[in-house]
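Engineer: Residue numbers (our numbering): 11 to 779.
All residues carry an ideal CB built from backbone N, CA and C; glycine is no exception.
Predicted model only: the values in this text are computed from it and were never measured.
1. DSSP state of residue 758, grouped into three classes?
2. Applying the criterion that 16 or more other CB atoms from any shown protein chain within 10 Å of the CB defines a buried residue, is residue 481 buried or exposed?
3. Return the chain-ordered list of same chain residues with a C-beta closer than 7 Å to the C-beta of residue 773, the five sequence neighbours on each side being excluded.
4. Just to check my reading of the structure: residue 770 and residue 604 have Cβ atoms closer than 8 Å, yes? What is that Cβ distance to the nearest angstrom?
5. So for residue 335, helix, strand or coil by DSSP?
6. Would you kindly check if the distance between the Cβ of residue 80 and the Cβ of residue 116 is under 8 Å?
7. Am I right that residue 413 and residue 439 are in contact with their C-beta atoms under 8 Å? What's the rounded C-beta distance?
8. Should residue 241 go down as buried or exposed, given a rule of 16 or more other Cβ atoms within 10 Å for buried?
9. Could you give the DSSP three-state label for residue 675: helix, strand or coil?
10. Would you call the segment 693-706 and the segment 724-736 touching, i.e. three or more CB-CB distances under 8 Å?
11. Leaving out five residues on either side along the sequence, give the residues of the same chain with a beta carbon under 6 Å from the beta carbon of residue 361.
12. I believe residue 3 touches residue 376 by the beta-carbon criterion, under 8 Å. Please report the beta-carbon distance rounded to the nearest angstrom.
13. In terms of alpha-carbon separation, which member of 615, 649, 691, 61 lies closest to residue 659?
14. Tell me whether residue 740 sits in a helix, a strand or coil according to DSSP, three-state version.
15. Can you find at least 3 beta carbon pairs, one from the segment 190-202 and one from the segment 224-239, that sit closer than 8 Å?
16. With a threshold of 8 Å, are at least 3 pairs of Cβ atoms found where one atom belongs to the segment 634-645 and the other to the segment 740-749?
17. So, using beta-carbon positions, are residue 477 and residue 523 closer together than 8 Å?
18. State the start and end residues of the unbroken beta strand (DSSP E) segment that holds residue 593.
19. Output needed for residue 160: all residues of its chain with C-beta closer than 6 Å, excluding positions within five of it in sequence on either side, in chain order.
20. Residue 167: buried (16+ other C-beta within 10 angstroms of its C-beta) or exposed?
21. Roughly how many angstroms lie between the CA atoms of residue 624 and residue 652, to the nearest whole one?
22. For the segment 168-247, which segments carrying the alpha helix (DSSP H) assignment without a break, of at least 4 residues, lie completely within its bounds, in sequence order?
23. Which value, in whole angstroms, describes the spacing of the CA atoms of residue 270 and residue 330?
24. Determine the DSSP secondary structure at residue 654, reduced to helix, strand or coil.
25. Among all the DSSP beta bridges, which residues are the ones paired with residue 273?
26. According to DSSP, is residue 610 part of a helix, a strand, or is it coil?
27. Beta carbon of residue 618, beta carbon of residue 630: below 8 Å?
28. CB residue 512 to CB residue 77, shorter than 8 Å?
29. Just list the residues that DSSP pairs residue 723 with in beta bridges.
30. Quick check on residue 728: buried or exposed, where buried means 16 or more other Cβ atoms within 10 Å of its Cβ?
31. Return the residue from the list 588, 648, 671, 669 that minimises the CA-CA distance to residue 663.
32. With a cut-off of 8 Å on the beta carbons, I'd call residue 99 and residue 122 a contact; round off their distance for me.
33. Which residue comes first and which comes last in the beta strand (DSSP E) that contains residue 63?
34. Looking only at C-alpha atoms, which of 680, 328, 104 sits nearest to residue 647?
35. Do residue 299 and residue 353 have their C-beta atoms within less than 8 Å of each other?
36. Tell me which same chain residues have a C-beta within less than 7 Å of the C-beta of residue 676, skipping the five on either side of it?
Here it is, written out as structure tokens:
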């Protein structure tokens with residue numbers, strides 16, 4: 011041993027060696043092992059020891075040399091498909107992850123998982139390794155912003171922990187990530203389920219569980235508040251306040267703030283104010299400045315601005331909140347909290363019709379991102395450094411608020427420029443959302459649609475209506491449809507193909523290159539090298555885009571293709587064999603109807619309360635046969651009134667019509683165009699109606715390059731339904747289906763018992779119709 015150690019360093023004396031730490035011994039020993047292993051394939055035991063050394067907290071060799079060594083073993087050596095071999099694949103994946111090669115990391119994690127799964131029954135395979143590999147796979151997907159795939163991996167990590175009864179820190183981390191994600195997207199019911207699992211797990215696994223428990227407790231209460239289950243939230247908070255007397259003061263502020271929100275739900279604003287003041291005092295005692303800022307901001311907004319429109323008291327609390335901003339100590343999260351505060355102040359000044367001050371504070375909000383930037387500069391800036399799910403809502407809300415203030419200024423001053431600015435900012439915000447979708451494609455959610463996106467498109471359509479700009483209106487109609495489509499695609503997890511992962515990897519690389527390019531001088535040699543790399547990666551991106559477009563046109567349309575369509579596209583392509591396209595948009599205060607014909611385009615605004623009440627009444631008639639027969643005269647009047655609400659300002663020629671109905675669905679065929687009691691005329695008499703998701707959807711050629719389509723027609727006729735569905739039998743539907751099928755070559759039919767959902771899903775993709 012003395013000889014080996016002196017071989018490591020001739021300058022080290024024996025006396026020094028004897029007092030050296032264990033770390034020096036391990037370092038030298040590891041060095042010798044690596045030299046020994048270079049020229050041959052180690053056996054399983056030696057390889058396992060080497061992997062344990064590499065897995066140590068302080069790496070001895072560079073990750074580059076480690077990766078070269080381990081991939082050499084993987085490439086040149088033959089190992090049994092056992093735990094050591096799976097460990098080798100796992101470690102290679104981790105090393106690629108450290109190099110930011112996320113695609114390779116994913117490939118090796120998948121390979122390790124596959125190997126463990128395929129050999130799960132062997133005594134030489136430790137199936138518990140699946141837990142770590144699935145957790146790592148989730149991290150790798152997260153680095154590419156593939157959130158749906160990340161959550162699938164996290165779910166598998168949790169499932170494997172439960173299956174093999176292996177509950178460790180990875181199980182806890184996985185539960186935390188899952189609950190956090192569900193809370194962020196507004197799936198509060200499921201979030202609470204994971205929170206309860208987490209609290210139970212932490213009580214069994216952790217000795218000091220207070221901090222962990224309280225983080226999950228706060229999430230549970232916030233989820234209940236999100237569900238408006240205020241009584242349940244209040245009971246939990248009341249119980250917790252009693253316990254908090256024995257716990258650290260760090261937890262007092264959040265609980266009192268949540269109690270205030272419960273009181274606000276009851277419109278007990280004085281009690282809410284009292285709880286907020288207790289939260290403020292608790293945060294002051296522990297010198298938690300950001301918490302103090304948030305409480306004062308909440309007092310201003312939730313106690314004074316939102317319910318009472320007491321803008322002076324709201325502003326007074328906002329100004330006090332400004333005192334807790336420390337310009338020298340600002341994290342990214344604090345900057346976005348400041349951004350939200352400045353936005354709220356701007357909105358107060360807009361309420362006072364002091365638009366100069368409002369726009370001044372909007373600029374202060376923008377300065378939190380980058381000094382001097384505005385909405386136009388923002389949409390062209392690198393997003394990866396500051397866009398995250400929680401901060402995105404602040405950012406988009408600020409942009410929409412600024413556009414709304416421009417719209418308000420137009421109403422007050424009638425200056426046309428304010429209306430033009432509003433439309434410009436709405437479009438900039440939409441472009442920013444497109445960039446967010448491309449760079450972090452799964453960041454949107456149902457919660458985001460409800461909070462921000464729907465408001466954006468409703469107000470943008472209103473501005474287009476005021477500006478008599480039907481082209482802009484059509485643009486925003488179609489973009490509003492695209493947001494909902496994004497959400498559906500995320501739910502269906504249509505984002506797991508290797509091409510899409512490769513695309514995300516290239517995007518990540520390009521973001522890093524662009525950031526580096528912005529930090530060096532154009533005269534440097536590296537600058538020219540970066541330009542060449544950007545060109546190469548951009549070409550790769552284009553090629554991957556073409557492949558994805560062929561394989562998954564809906565995903566391509568939703569996330570990659572930002573070209574949009576125009577009114578001319580609709581006329582030239584959709585209206586060749588149709589007389590009109592009607593699109594409806596349901597806003598919070600109005601309904602908008604956009605009617606496109608070969609010779610004209612009209613945009614009309616419909617009173618929402620009249621439309622909703624008439625549509626509800628119309629639906630009640632056509633869904634209740636006895637009511638329809640008993641009160642047929644009123645049905646005729648209702649169906650005619652609904653028709654006039656939609657088409658009063660535009661008459662369309664007889665012929666085929668396409669309708670995109672937005673969120674409320676009812677059959678247009680049964681509308682009444684002429685309400686003469688003795689001979690009413692139905693919409694169906696002059697128009698064959700087809701319904702579509704959006705105009706853009708119809709312009710996709712989904713059958714293009716589809717080699718898997720081999721048949722023409724598939725028909726389905728259950729005839730009778732199970733009793734639990736309470737549906738009437740469709741007598742004769744099987745005979746009708748046989749008649750229809752006779753008009754097609756290669757037709758197939760699923761009738762009676764064969765007409766199941768499972769059979770349909772297995773077969774429908776093979777047919778054109």
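Structural biologist: Taking the coordinates as given:
1. The answer is strand: DSSP assigns residue 758 an E or B state.
2. A residue is called buried when at least 16 other Cβ atoms come within 10 angstroms of its Cβ; residue 481 does not meet this threshold and is exposed.
3. Short of 7 Å from the beta carbon of residue 773, and not among the five residues preceding or following it, lie these beta carbons of its own chain, in chain order: 724.
4. Cβ atoms of residue 770 and residue 604 stay farther apart than 8 Å, at about 34 Å.
5. Three-state DSSP puts residue 335 in coil, outside helix and strand.
6. Residue 80 sits away from residue 116, with the two beta carbons spaced by 8 Å or more.
7. The C-beta separation of residue 413 from residue 439 comes to about 7 Å, placing the pair in contact by the 8 Å criterion.
8. Exposed, since its Cβ has fewer than 16 Cβ neighbours within 10 Å.
9. Three-state DSSP puts residue 675 in coil, outside helix and strand.
10. Judged by Cβ distances under 8 Å, the segment 693-706 makes no contact with the segment 724-736, as fewer than three pairs qualify.
11. Leaving aside the five residues that flank residue 361 on each side, the residues in its chain whose CB is nearer than 6 Å to its CB run, in chain order, 321.
12. Any property of residue 3 remains undetermined from this structure, which presents the chain solely from 11 to 779.
13. The shortest Cα separation from residue 659 among 615, 649, 691, 61 belongs to 615.
14. In the structure shown, residue 740 sits in coil (DSSP, three-state: anything other than H, G, I, E or B).
15. Counting Cβ pairs under 8 Å, three or more are found: they touch.
16. When Cβ pairs closer than 8 Å are counted between the two stretches, the segment 634-645 is seen not to touch the segment 740-749, the count staying below three.
17. No, the pair does not count as a contact, with Cβ atoms beyond the cut-off.
18. DSSP places residue 593 inside the beta strand (DSSP E), whose first and last residues are 590-596.
19. Residues 148, 151, 152 of the same chain have their beta carbon placed closer than 6 Å to that of residue 160, with the five preceding and five following residues left out of the count.
20. A residue is called buried once 16 or more other Cβ atoms fall within 10 Å of its Cβ, and residue 167 is buried on that count.
21. Taking the CA atoms as reference points, residue 624 sits about 6 Å from residue 652.
22. At a cut-off of 4 residues, the continuous stretches assigned as alpha helix (DSSP H) that sit fully inside the segment 168-247 are 179-194, 198-215, 220-236.
23. If you draw a straight line from the Cα of residue 270 to the Cα of residue 330, it comes to about 19 Å.
24. Of the three classes helix, strand and coil, the one that applies to residue 654 here is helix, per DSSP.
25. In the DSSP output, where bridge partners are listed per residue, residue 273 has none listed.
26. In this structure, residue 610 counts as coil in the three-state DSSP scheme.
27. The Cβ-Cβ distance between residue 618 and residue 630 does not fall below 8 Å.
28. No; because the gap between Cβ atoms is not below 8 Å, this pair is not in contact.
29. Within the DSSP secondary-structure output, residue 723 pairs in a beta bridge with 757.
30. By the neighbour-count rule (16 or more Cβ atoms within 10 Å), residue 728 is buried.
31. The shortest C-alpha separation from residue 663 is found at 588.
32. Rounded to whole angstroms, the Cβ separation of residue 99 and residue 122 is 4 Å, and the two are in contact under 8 Å.
33. Note, residue 63: premise wrong, no beta strand (DSSP E); alpha helix (DSSP H) at 54-64.
34. It is 680.
35. No; because the gap between Cβ atoms is not below 8 Å, this pair is not in contact.
36. Counting only Cβ-Cβ distances below 7 Å, and skipping sequence neighbours, we find 625, 628, 629.
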